[in-house]
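Structure record follows, encoded as C-alpha cells.
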Amino acid sequence: MTDPVETPQPASTVEPPAAPHEWRPDRFMVIVAHPDDADFGPAATAARWIDAGSTGWLVCCTSGDQGGEDPDLDPSALAATREGEQRTAARIVGYAGVSFLHQPDGSLANDLPLRELLVREIRTFRPDAVLTQDPEVVVYPDGGINHTDHRAAGLAAIDAVYPAARNPMAFPWLARSGLAPHRVRRVYLFWTTAPTAWVDVTATIGRKVDALRAHATQIRDPDGLAARIGEWAAGDGARIGVAAAEDFRVAIIDDDEVDTEAETVSEADAGSRPD
Ligand SMILES: [Zn+2]
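Position one of the sequence shown corresponds to residue -13 (the numbering used here), numbered consecutively onward.
Here you go:
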C-alpha cells in the first residue's frame, strides 16, 4: 500500500449548481402516451407557465385502456373513466383543453398514421414548445423499464415536430385543407436521464399532487403521494438550490430571434380547433 495521502482521488462527481430555467413559451403542447403521464411528468411546470400567462394543451395518444389488473374489466369502460380523470386533472393544472387520439394502450407505434394525427394537433394549436417523454431512455439507472408506449409517444412527438409539422409537403392534404405548416421552436423531454434544464416549481408542486389525485384508478397510495412527489421534486430542486424543480432535456430547434411570423396563420385561425 502506498501512503493514502498519495493515492489519486477520483474526480468529484458533484456537478456545479445550475441556473433555474426561465424561458417560457406563449403556447405549449404536452404530448404523452397515457392519461396520468402528463401529471406524473411536467404538470408543475405546466401550471407555473399557465399561471404566468402561457396557454397549454394536452394530447394523450391512448386513453389507458390497459391500465388495470383485472382481465375481466371492460377496456372501453376503463378508457372512458380515465379520460374523465384526465380531464379533471387538466382543469386543475389549467390546460385550455385535452385531445385524446384513441390509439391502443400497450400497442402504441410511432407510425405514419400517428404522426399525421400529431401534426394535425400541432398545426391546429400551434405551440412554441412541445413537451414529451424522452424516447431514448429504455432502462433507468434504478433498473426500471421505460414503457414501450412512452418511448413510442416521445419519438412520434419529435418526428411530428420536426420536420413534418413545418414541412408543407408532409401530409400535403393537411396544408391544402387549411392546416398551415407550423414551426415548433423547442422540444422539452421529461423523464430523462440527461437533463439540461431545471424549472423551479416550488409554487406549483401542490397543484401537481392535486392533479395526480384525480387519477383515482391509478393511484394506489394516495396518502403517500405528496411525500413521494415532493421527494422527486426536492431531488431535482437541489440542482438549482430551490425546494422543488422538474427537469428536462431541451432541444432548441429555432432560436427566438428567428422570424417565423411569415409562416403563422392568424390568431383567429390559431384559436379554432376541430372537435
Ligand atoms: Zn404511462
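Glycine included, every Cβ here is placed at the ideal spot set by N, Cα and C.
Note that the structure is a prediction, hence the values are computed from the model and not measured.
Given this structure, state the Cα-to-Cα distance separating residue i from residue j, to the nearest angstrom.
i      : j      : result
Lys194 : Gly27  : 9 Å
Gly42  : Gly80  : 8 Å
Val18  : Val124 : 16 Å
Thr203 : Trp177 : 22 Å
Ile131 : Ala138 : 14 Å
Glu107 : Leu165 : 10 Å
Thr49  : Phe86  : What sits at residue 49 in the sequence shown is Ser, not Thr. Answer to the nearest angstrom: the Cα atoms are 7 Å apart.
Asp207 : Gly140 : 27 Å
Arg225 : Glu232 : 10 Å
Arg109 : Asp222 : 33 Å
For the alpha helix (DSSP H) containing residue i, list its first residue and its last residue.
i      : result
Arg101 : 98 to 111
Pro61  : 61 to 79
Report yes if the CB atom of residue i is closer than 8 Å to the CB atom of residue j, and no otherwise.
i      : j      : result
Leu198 : Asp60  : no
Pro21  : Gln72  : yes
Ile144 : Thr118 : yes
Pro154 : Pro167 : yes
Asp128 : Arg235 : no
Ala220 : Ala213 : no
Val173 : Val147 : yes
Asp91  : Gln52  : yes
Thr188 : Asp37  : no
Val84  : Leu44  : yes
Ends of the beta strand (DSSP E) at residue i?
i      : result
Thr134 : Per DSSP, Thr134 belongs to no beta strand (DSSP E); it is in the alpha helix (DSSP H), 134 to 147.
Ser85  : 83 to 89
In this structure, does DSSP put residue i in helix, strand or coil?
i      : result
Thr182 : coil
Val187 : coil
Asp233 : strand
Thr31  : helix
Val125 : strand
Ile205 : coil
Determine which residues share a DSSP beta bridge with residue i and list them.
i      : result
Arg172 : Ala115, Ile238
Thr41  : Arg13
Cys46  : Val18, Phe86
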